[in-house]
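Peer 1: Could you have a look at this structure, given as structure tokens, before my questions?
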Amino acid sequence: MKKYLLIGIMAFSNLSCQREPAKTTEQITNASEIERAQNKSLSKLNPYSVNPGQWIHFVETQEVISSQGSSSFLSKEWTTEVGQVEKLEHATLLTLFKKVTDYLKDKDFIYEFKNVLSLQPEQMSEALAPLNDHYHSLSHTTDRLKPNNQNDTEVVGVQYQNLQVKRVSLSPPQKVKEAPNCASLPQCKLEGDLITYDIVFLFDDESTQRHSIEWIISEQVPFFAGLLKQCSTSFIPIDNLRVLVKQCREVVDFKN
């Protein structure tokens with residue numbers, strides 16, 4: 250029941266927008282600045298560190314929080330396992346096995362995929378993009394969050410604000426901490442880059458809808474787990490409530 254309620258709320262979010270007073274404290278950011286920050290952190294990941302047997306477990310969750318309480322559910326989960334790694338003279342061939350369960354479509358069915366990637370020098374971003382559903386460029390993120398034009402309102406612009414990049418200490422996923430020797434992590438701790446910014450959609454009735462974005466990237470985990478977490482959070486008005494909707498894609502386990 251909670252799942253269907255949440256789906257309805259998420260669908261309603263495409264019809265709703267929040268009216269906010271103009272703020273002078275927001276820092277306008279260019280899209281190119283965000284892309285440079287993301288690419289700089291992603292460039293620390295080394296695709297040539299991939300070894301056979303590496304395994305990563307991802308989940309996609311949605312959460313709704315209001316004054317009436319909160320509800321959350323798991324919408325998708327998948328695993329990526331590295332099979333054969335064949336190093337040739339001018340390229341490295343990676344064999345990847347992926348298993349996906351989409352709880353919104355069919356929770357009783359597991360989709361299985363095999364992918365062979367020819368990895369050549371300077372192809373790190375190409376290695377991430379086709380093999381990880383949780384990897385998105387800024388344009389993909391913007392398109393995914395863009396509200397539909399309904400209720401006689403139309404999106405007339407988008408603005409990026411408040412970009413921040415910090416080096417932070419991280420706690421590994423709980424399942425990793427519980428694994429023998431904490432998956433070989435020194436002192437069972439990680440460091441990574443925290444990237445945050447806002448995407449603000451502007452409507453023709455002068456209202457706005459703001460989405461706060463968070464990325465966590467670490468080069469101290471298996472390559473395909475490097476983008477540890479992506480979240481988007483937005484307040485959606487429903488009747489007399491302001492509902493916080495948070496969607497995340499994150500790594501919950503990995504093995505070296």
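Per the numbering used here, the sequence shown starts with residue 250, numbered consecutively.
Note that beta-carbon positions come from the ideal geometry of N, C-alpha and C, so glycine has one too.
These numbers come from a predicted model, not from an experiment.
1) Let me know the secondary structure DSSP gives Asn-288 once reduced to three states.
2) Return the CA-CA distance between Gly-441 and Ser-418, expressed in angstroms with no decimal places.
3) Output needed for Glu-335: all residues of its chain with C-beta closer than 6 Å, excluding positions within five of it in sequence on either side, in chain order.
4) Following the continuous beta strand (DSSP E) through His-460, name the residue where it begins and the one where it ends.
5) Are there 16 or more other CB atoms within 10 angstroms of the CB of Phe-452, so buried, or fewer, so exposed?
6) What whole-angstrom Cβ distance do Thr-310 and Ser-324 have, given they're in contact under 8 Å?
7) On the premise that Gln-276 lies in contact with Gln-410, defined as a C-beta separation below 8 Å, what is that separation, rounded to the nearest angstrom?
8) Out of curiosity, what's the CA-to-CA distance linking Lys-547 and Ser-481?
9) When the distance is taken between beta carbons, is Gly-475 closer than 8 Å to Ile-466?
10) With DSSP as the reference, label Gln-303 as helix, strand or coil.
11) If you run the structure through DSSP and keep just helix, strand and coil, what is Phe-503?
12) Can you look up Asp-516 in the DSSP assignment and give me helix, strand or coil?
13) Rank Arg-498, Thr-328, Leu-412 and Lys-478 by C-alpha distance to the C-alpha of Thr-274 and give the top, closest one.
14) Out of curiosity, what's the CA-to-CA distance linking Ser-433 and Pro-422?
15) From Asn-300 to Leu-337, what does the alpha carbon distance come to, in whole angstroms?
16) Quick one: is Ile-448 buried, meaning 16 or more other Cβ sit within 10 Å of its Cβ, or exposed?
17) Would you list the one or two residues that DSSP bridges to Lys-346?
18) Cutting at 6 Å between CB atoms, please list the residues of its own chain near Val-349, excluding the five before and the five after it.
19) Taking all protein chains shown into account, do 16 or more other C-beta atoms lie within 10 angstroms of the C-beta of Asp-502, making it buried, or fewer, making it exposed?
20) Using the C-alpha atoms, what's the distance from Asn-489 back to Thr-329?
21) Pull up the distance between the alpha-carbon of Ser-542 and that of Ser-316, whole angstroms please.
22) Are Trp-304 and Lys-504 close, meaning C-beta to C-beta below 8 Å?
23) Within 10 Å of its beta-carbon, does Tyr-297 have 16 or more other beta-carbons around it, so buried, or fewer, so exposed?
24) Are the CB atoms of Val-500 and His-306 nearer to each other than 8 Å?
25) Among Val-407, Ser-456 and Glu-284, whose alpha-carbon lies nearest the alpha-carbon of Asp-401?
Peer 2: Taking the definition as stated:
1) Here residue 288 refers to the residue found at position 39 when the sequence shown is read from its first residue. DSSP places Asn-288 in helix when its eight states are reduced to three.
2) As a first step, residue 441 is located in the sequence shown; it is residue number 192 there, counting from the start. As a first step, residue 418 is located in the sequence shown; it is residue number 169 there, counting from the start. One C-alpha to the other measures close to 7 Å.
3) Within the sequence shown, the letter at position 86 stands for residue 335. If we look at Glu-335 and ignore the five residues flanking it on each side, its Cβ neighbours are Leu-342.
4) On the sequence shown, position 211 is the one that residue 460 refers to. That run of the beta strand (DSSP E) goes 457-466.
5) As a first step, residue 452 must be located in the sequence shown, where it is residue number 203. It counts as buried.
6) Within the sequence shown, numbered from 1, the residue matching residue 310 stands at position 61. Within the sequence shown, numbered from 1, the residue matching residue 324 stands at position 75. Yes, they are in contact, since the Cβ atoms of Thr-310 and Ser-324 sit about 7 Å apart, within 8 Å.
7) For the purposes of this step, residue 410 is taken as residue 161 along the sequence shown, with counting starting at 1. For the purposes of this step, residue 276 is taken as residue 27 along the sequence shown, with counting starting at 1. Confirmed, Cβ separation roughly 6 Å.
8) No information on residue 547 is available, as it lies outside the stretch 250 to 505 that the chain covers here.
9) By 1-based counting over the sequence shown, the position of residue 466 is 217. By 1-based counting over the sequence shown, the position of residue 475 is 226. Yes, the pair counts as a contact, with Cβ atoms nearer than the cut-off.
10) In the sequence shown, residue 303 corresponds to position 54, counting from 1. Looking at Gln-303 - three-state DSSP - the assignment turns out to be coil, as it is neither helix nor strand.
11) Within the sequence shown, residue 503 is the residue found at index 254, counting from 1. Three-state DSSP puts Phe-503 in a strand.
12) The requested residue 516 is not part of the displayed model; the chain covers only 250 to 505.
13) Numbered from its first residue, the sequence shown carries residue 274 at position 25. Selected option, being the one with the closest Cα: Leu-412.
14) Reading the sequence shown from its first residue, position 184 is the one you call residue 433. Reading the sequence shown from its first residue, position 173 is the one you call residue 422. Ser-433 and Pro-422: Cα-Cα distance of roughly 13 Å.
15) The count along the sequence shown starts at 1 and reaches residue 300 at position 51. The count along the sequence shown starts at 1 and reaches residue 337 at position 88. Their Cα atoms are separated by approximately 15 Å.
16) By one-based count along the sequence shown, residue 448 stands at place 199. With 16 or more other Cβ atoms within 10 Å, it is buried.
17) Residue numbering aside, residue 346 sits at position 97 when the sequence shown is read from its first letter. The residue you asked about is not Lys; residue 346 is Phe in the sequence shown. DSSP output for Phe-346 lists Glu-330 and Lys-363 as bridge partner(s).
18) Position 100 of the sequence shown holds residue 349. These residues qualify, in order along the chain: Trp-327 and Tyr-360.
19) Indexing the sequence shown from 1 puts residue 502 at position 253. Buried is the call here.
20) To locate residue 329, count along the sequence shown from 1; it is residue 80. To locate residue 489, count along the sequence shown from 1; it is residue 240. Each residue's Cα considered, the two are about 43 Å apart.
21) Absent from the model: residue 542. The displayed extent of the chain is 250 to 505, so no value can be given.
22) Numbered from 1 along the sequence shown, position 55 holds the residue referred to as residue 304. Numbered from 1 along the sequence shown, position 255 holds the residue referred to as residue 504. Contact: yes.
23) Position 48 of the sequence shown, counting from 1, holds the residue named residue 297. By the 10 Å Cβ count, Tyr-297 comes out exposed.
24) Mapped onto the sequence shown, residue 500 falls at position 251. Mapped onto the sequence shown, residue 306 falls at position 57. Yes, these two residues count as a Cβ contact at 8 Å.
25) Position 152 of the sequence shown, counting from 1, holds the residue named residue 401. Here the closest residue by C-alpha is Ser-456.
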